[in-house]
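What follows is one structure encoded as structure tokens, with my remarks underneath.
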Amino acid sequence: MNIEKKISEKTIEALQSLYSAIVEKVSLEKTNPDFVGDITLVVFNFLKISKKKPEETATEIGNYLKSNIDEVVDFNVVKGFLNIVIDDSFWLNYFKSINGKPFIDLTRAGLPTNAPTVMVEYSSPNTNKPLHLGHVRNNLLGYSVSEILKAAGNNVIKTNLVNDRGIHICKSMLAWKKWGGGETPESSGLKGDHLVGKYYVEFDKQFKVQSSKLKAEGVSDEEAEKKAPIMLEIQDMLRKWEAGDKETRALWEMMNGWVYKGFDATYKMLGVSFDKTYYESNTYLLGKNIIDDGLAKGVLKRRADNSIYIDLTADGLDEKTLLRADGTSVYITQDLGTAVQRFEEYKFDKLVYTVGNEQDYHFKVLFLILKKLGYKWSDGLYHLSYGMVELPEGKMKSREGTVVDADELMQEMINTAAATTKELGKAEGLSETEAETLYRTIGLGALKYFMLKIDPKKKMLFNPAESIDFNGNTAPFIQFNYVRIQALLRKAKEDYFKDNLEILDASTDIPSASLLPKEKQLIIQLYGFNSTLNQAANEYSPAVIANYVYDLAKEFSQYYHDTPIFKEEKKDLILFRLQLSKTIGIAIKSSMQLLGIEVPERM
RNA sequence: GGUUCCGUAGUUCAACUGGAUAGAAUGGCAGAUUCCGGUUCUGCAGGUUGGAGGUUCGAAUCCUCUCGGGAUCACCA
9 MNIEKKISEK TIEALQSLYS AIVEKVSLEK TNPDFVGDIT LVVFNFLKIS
59 KKKPEETATE IGNYLKSNID EVVDFNVVKG FLNIVIDDSF WLNYFKSING
109 KPFIDLTRAG LPTNAPTVMV EYSSPNTNKP LHLGHVRNNL LGYSVSEILK
159 AAGNNVIKTN LVNDRGIHIC KSMLAWKKWG GGETPESSGL KGDHLVGKYY
209 VEFDKQFKVQ SSKLKAEGVS DEEAEKKAPI MLEIQDMLRK WEAGDKETRA
259 LWEMMNGWVY KGFDATYKML GVSFDKTYYE SNTYLLGKNI IDDGLAKGVL
309 KRRADNSIYI DLTADGLDEK TLLRADGTSV YITQDLGTAV QRFEEYKFDK
359 LVYTVGNEQD YHFKVLFLIL KKLGYKWSDG LYHLSYGMVE LPEGKMKSRE
409 GTVVDADELM QEMINTAAAT TKELGKAEGL SETEAETLYR TIGLGALKYF
459 MLKIDPKKKM LFNPAESIDF NGNTAPFIQF NYVRIQALLR KAKEDYFKDN
509 LEILDASTDI PSASLLPKEK QLIIQLYGFN STLNQAANEY SPAVIANYVY
559 DLAKEFSQYY HDTPIFKEEK KDLILFRLQL SKTIGIAIKS SMQLLGIEVP
609 ERM
């Protein structure tokens, strides 16, 4: 029952019949609200074929459509725009077909057996400090895109690649060992990731003291940074780690354990999860084996000093080294290896990397190398590149202490939600746990929506004051409209249909004549759910969903305001309006689910 | 410097991928609401889409130049 498809097919037919021309496809759009009609066909493209004026061409096509499609009851022409009017009964029938039904299925059981497999990597934190605002955007994006891809019919595997080793991890280890005095999360009361982060900062502080001392003694800047005693110590520590030194490994495992426990709490609060977690300590040696293969194929080359590189200058990029002269691998080598390993493991159709746009160049190079190495599946690789998060005072800088901590931020949002709710007296009658859940739903919803409504590709400005706002284009506004619908349904249950709520799912017949313009508009918006979902999936953009659901909630809000339901005299109209409201509620809840945002029953 | 991304109401964002008079929110101003929940609704003001050319029926969108801002350009991760 896809009306656009029908119209475009018939338009192609019309062009053939009227002008004996073959056209592959035509594009339709929603009619601009200022004009009469539901769907608009732009005919400018067909003027070459028709050899007639725009108005004339549009009228001829309009006549053909009107007499060949039952649902097309009228049309009008403005310049080259053919505005098509669809019969109200079509929209009513459509509504009946979806009334009370779910809009999405996020379970694996709902997938066809040949569903494409899509791996989505996101989060990918370092284990030397807690998560901050930038990670929050990453996590929310990755999770939401995963849900969107699932709903769009893909078999999605969410993965996390934890950067758990390397020189930066050794920094917090060494600092803790030297100055920690045996402090633990238990003894300090600090969350594990925050405790480790504290020592990462401590290392940096001590390092500065040492290197500036050397500089004062006349050592050059570069030398001073290399020769600072603790810098030499962590390099030694890294060597020990790589050699499998027992004591170093034990320290590493203990501190990473603290961090994981802390991350788990943060992930849980954020509401994100993973199907598979990779650790770089297991994967950092991957990739070397494909080097030989690349050399044999002549794709990779060896320099005089024995280092291996690939020449990408013909593609507008640079030469990229893949193995150092001493045979050790660099970062991208590992990425090559893990990509190959993942393909062998999952035979994915697509692999989506959720990584900030400062790594655009890296992924361009990575994908190109894989392609040159002959991996056909490299066409399915996609860098979900998102913009940086900036604060009103500029970029976040850890040195200046302007980093917004994820845990603190979430707690602030929850506190504000609690304060506002209490102030309005909306928490009355709720148990303590119910109230806590509500505050979390509202506070985190506001945060998530604030970050997801912006096009991922664009950098975003995070204004804490505005993010916590509950008016306008925000999650609480959308949640509020969902709650209103539930209040309506409760009233219906208590006063009107007396526990006979099944009647809401039964089909009603109201005459098309009594369909209000706003109701028709709302049904058309519901009709747009699927194409919105597909667009969001194709563009990997939760923002598309966010805009959709806000629009829907806003339109409903106006409808709710202008159309008293229970005052209506005709009972079949009351029932229809309740059904419409209920289904809009389902659409709102589904959309919010795609964004990883919950909706409360009361607020 | 090379490559690359971005620039839209005071502010934060949209604009169905080249379509009609560039839309929301927020802030400002003016109103409404005996009602199913006021975290509501309505109206007004606010724009040379950074600037200049070009492409065509039609440009915020594509091309060239220019101004301003970000990112990136390791045998770092």
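Residue numbers (the numbering used here): 9 to 611.
Backbone N, C-alpha and C fix where the C-beta goes; we use that ideal spot for every residue, glycine too.
Looking at Pro464, Leu26, Asp368, the one whose alpha-carbon comes closest to that of glycine 395 is Pro464. Valine 80 is bridged by DSSP to Ile94. The stretch 194-246 is shown to contain whole alpha helix (DSSP H) runs of 4 or more residues at 200-224, 229-235, in chain order. Taking a 10 Å sphere around the C-beta of valine 607, we find 16 or more other C-beta atoms and assign the residue as buried. In this structure, the alpha-carbon of lysine 234 lies about 10 Å from that of leucine 222. Pairwise C-beta distances place the stretch 352-372 in contact with the stretch 123-131, as three or more of them are shorter than 8 Å. Out of Gly205, Glu241, Gly197, the CA that lies nearest to the CA of glutamine 218 is found in Glu241.
Note that the C-beta distance between methionine 600 and valine 491 is not below 7 Å.
Cβ neighbours of tyrosine 535 within its own chain (closer than 7 Å, five residues either side excluded): Tyr102. Sequence-distant Cβ neighbours of lysine 526 in its own chain, meaning closer than 8 Å and more than five residues away, are Glu563, Gln566, Tyr567, Asp570, Thr571.
Around the C-beta of asparagine 479, fewer than 16 other C-beta atoms lie within 10 Å, and the residue is accordingly described as exposed. Of the candidates Glu474, Lys13, Gly205, the residue whose Cα lies closest to the Cα of tryptophan 266 is Gly205.
Aspartate 283 carries a coil assignment under DSSP once its states are collapsed to helix, strand and coil. For glutamine 494, same chain residues with a beta-carbon under 6 Å away, outside a window of 5 residues either side, are Glu609 in chain order. Secondary structure at glycine 364: strand, using DSSP grouped into helix, strand and coil.
Glutamate 547 and tyrosine 383 have their C-alpha atoms roughly 24 Å apart. For the 7 Å CB-CB criterion, alanine 333 and serine 315 form a contact. For phenylalanine 271, the secondary structure class from DSSP, reduced to helix, strand or coil, is helix. Residue environment for alanine 312: exposed (fewer than 16 other C-beta atoms within 10 angstroms of its C-beta). Ranked by Cα distance from aspartate 513, the first of Asn134, Leu497, Asp82, Gly108 is Gly108. When secondary structure is reduced to three states using DSSP, leucine 455 falls in the helix class.
Annotation: the continuous beta strand (DSSP E) that includes asparagine 163 extends over 163-170. Around cysteine 178, the same chain offers Ile242, Met245, Leu246 as residues with beta carbons nearer than 6 Å, after the five sequence neighbours per side are excluded.
For histidine 140, no beta strand (DSSP E) segment is defined, and its DSSP state is neither H nor E. DSSP places isoleucine 476 outside any alpha helix (DSSP H), giving it a letter other than H or E. Within the same chain, Cβ atoms closer than 8 Å to the Cβ of isoleucine 94 are found at Ile11, Asp46, Ile47, Glu79, Val80, Val81, the five residues on either side in sequence being excluded. With contacts defined as CB atoms closer than 7 Å, lysine 456 and isoleucine 605 qualify as a contacting pair. DSSP, read as helix, strand or coil, puts methionine 396 in coil. Distance from the CA atom of glycine 200 to the CA atom of leucine 469, rounded to whole angstroms, is 29 Å. Threonine 482 is positioned such that its CB atom lies closer than 7 Å to that of alanine 454. In the structure shown, the three-state DSSP call for methionine 418 is helix.
As the crow flies, the alpha-carbon of isoleucine 92 is around 40 Å from that of aspartate 387. As DSSP reads the structure, methionine 277 sits in no beta bridge.
Beta bridge pairing from DSSP links tyrosine 390 with Val360.
Serine 337 carries a strand assignment under DSSP once its states are collapsed to helix, strand and coil. Counting along the chain, the unbroken alpha helix (DSSP H) around isoleucine 592 starts and ends at 579-602.
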